[in-house]
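Take a look at the structure below.
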Amino acid sequence: MAYLPSALSSVRQVVQDYLRSADHLIASLVNDGIPLTEREREMVETCLKDLSKLVVPTPSR
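Heads up: the sequence shown begins at 15 in our numbering, then just goes up one per residue.
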């Protein structure tokens, strides 16, 4: 089962990368004057909130 921590670390990294990319995309849209609709904003916030729950701090040993 030594592969499990490595797999979890990989998943965590992918989720963190996705969150950073989503934040960057939203900032770019807003900076370029392309506002999100209320529904789009709610969808993005919900998705980001759900994804951020997957990235929990790993306790140090």
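The C-beta atom is built at its ideal place from N, Cα and C for all residues, glycine as well.
How long is the line joining the alpha carbons of residue i and residue j, rounded to whole angstroms?
i      : j     : result
SER110 : SER66 : Absent from the model: residue 110. The displayed extent of the chain is 15 to 75, so no value can be given.
LEU33  : LEU39 : 10 Å
ASP64  : ASP37 : 14 Å
GLU52  : VAL44 : 13 Å
GLU59  : PRO49 : 14 Å
ASP46  : ARG55 : 16 Å
SER42  : TYR17 : 37 Å
Near residue i, which residues of its chain fall below 7 Å by C-beta distance, leaving aside the five closest residues on each side in sequence?
i     : result
GLN30 : VAL69
Report all residues from its chain with a CB closer than 8 Å to the CB of residue i; omit the five preceding and five following residues, and keep chain order.
i     : result
CYS61 : ALA36
If you drop the 5 nearest sequence neighbours on each side, which residues of the same chain put their C-beta closer than 6 Å to that of residue i?
i     : result
ARG26 : VAL69
Review point. Taking only runs of the alpha helix (DSSP H) that begin and end inside the region 15–50, which ones reach a length of at least 4 residues, in chain order?
Key: Correct list: 17–45.
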